[in-house]
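Residue numbers (the numbering used here): -13 to 397. Using N, Cα and C, we set each Cβ at its ideal position, and we do this for glycine too.
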């Protein structure tokens, strides 16, 4: 790992999305400013023309909607953060030039660059500093005529503007230097935290995989099932995100959680007697009922044993994968018989990955199906056992799935 966060790091990308949503909230908080100015003018605190109050409210609503739609429906990422801060600075500039508004609004032009450091992007923060300064100069030029007239000193507003600008420029230089320092400091700090977290997660992932492999060993299958289902979960989740599904849920960090939690989906098999678990052939109805209990048992085991040892979001994801990976889209699965989007997304993805590997692998009770036969079966279960978009994602992943099987030596 480097000194700074990589631009492709899931933590960095997820942080961008979080701050983008924060900018939407900040823009929304400006909406009441127009009505507040109008109210203050009405009671004699300010002398701001009502038309400016109306325009400010309309512009704030418009900018908030633009940013919200971009965050919600756009691809997000770097373009969205540039747009958000540009809108933020534009509306601040407009407030500055409103007649009757005090020049103290210039403080916002110093605060905004520091807020940009939350993105952990050094170049972006520098860009915000320069944009902030230029928009301030533009706004201050229009404001200078009003301010110079208030002084009634006979000096032209142009001369007054340039005499005052040098002082504000010096302040802007200090803001730039401060922003550089804060941005680099935050990036280094979060990079170190990320490195430490990744090391801990790596150790935890190894322990979890070893634990899950023990379950598969008892089931007389190989640990490759754990490896392959995790890879299938990763492929499906990324492809769904690429296809535009579940953008709010399928963030880079959330997909990482899905991948880390996937090996634990069958951990409840510890509760199933080996006489049933290792039986060559079909289960009797009574044996099948015992086998079905492993989903509930896995959920309870993870909630009980991993609570306090792992991140709460990881525990929730892992327990949901264990609990819901045998539920079906049409509600005919087990253990709860729920359907559709009532099944957590991680459970719906895990269910598809689990069945896919079961079909493509040799088991005690069956030979492995060929690739074409497997996808023919999965397509037939579209809208029944599996969510349609997950089936679409799987079908588009045939080359990647073939590669995984060939690497594992599966015919």
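So the candidates are the options; which of them puts its Cα closest to the Cα of residue i?
i           : options              : result
residue 227 : 119, 248 and 241     : 241
residue 40  : 70, 84 and 57        : 84
residue 266 : 124, 213, 352 and 86 : 352
residue 106 : 153, -5, 354 and 339 : -5
residue 232 : 38, 388 and 60       : 60
Hey, how far is the Cα of residue i from the Cα of residue j?
i           : j           : result
residue 238 : residue 127 : 44 Å
residue 381 : residue 215 : 16 Å
residue 13  : residue 175 : 28 Å
residue 230 : residue 375 : 10 Å
residue 362 : residue 300 : 34 Å
residue 64  : residue 2   : 7 Å
residue 326 : residue 218 : 21 Å
residue 74  : residue 98  : 8 Å
residue 144 : residue 177 : 47 Å
residue 261 : residue 359 : 31 Å
residue 101 : residue 309 : 42 Å
residue 406 : residue 27  : Residue numbering for the chain in the displayed model covers -13 to 397; residue 406 lies beyond these limits and cannot be assessed.
residue 420 : residue 92  : Because the chain here runs from -13 to 397, residue 420 falls outside it and cannot be looked at.
residue 68  : residue 259 : 58 Å
residue 208 : residue 293 : Per-residue confidence for residue 208 stands at a pLDDT of 46, beneath the threshold of 50, marking its modelled position as unreliable; the derived number appears in the next sentence. Approximately 28 Å between the Cα atoms of the pair.
residue 81  : residue 328 : 46 Å
residue 391 : residue 6   : 40 Å
residue 274 : residue 268 : 9 Å
With H, G and I counted as helix, E and B as strand and the rest as coil, what does DSSP make of residue i?
i           : result
residue 314 : coil
residue 251 : coil
residue 372 : strand
residue 109 : helix
residue 348 : coil
residue 218 : helix
Which two residues bound the contiguous alpha helix (DSSP H) that contains residue i?
i           : result
residue 51  : 36 to 59
residue 14  : -4 to 16
residue 323 : Element bounds for residue 323: n/a, residue is neither H nor E.
residue 32  : Counting along the chain, residue 32 falls outside any alpha helix (DSSP H), and DSSP gives it neither H nor E.
residue 359 : 357 to 366
residue 235 : Looking at the DSSP string, residue 235 is not in any alpha helix (DSSP H), and its letter there is neither H nor E.
residue 83  : 64 to 83
residue 288 : 271 to 291
Please confirm whether any heavy atom of the ligand COA lies closer than 8 Å to the CB of residue i.
i           : result
residue 232 : In the structure shown, the ligand COA is absent, as is every other ligand, since no ligand is present at all.
State whether the segment 37 to 55 contacts the segment 11 to 24, with contact taken as three or more CB pairs (one from each stretch) at a distance under 8 Å. Because the criterion of three Cβ pairs below 8 Å is met, the segment 37 to 55 and the segment 11 to 24 touch.
Could you check whether the segment 276 to 285 touches the segment 293 to 308, counting it as contact only if at least three pairs of C-beta atoms, one from each stretch, sit closer than 8 Å? yes
Would you call the segment 102 to 113 in contact with the segment 160 to 173, where contact means no fewer than 3 C-beta pairs closer than 8 Å? With the cut-off at 8 Å, the segment 102 to 113 and the segment 160 to 173 touch.
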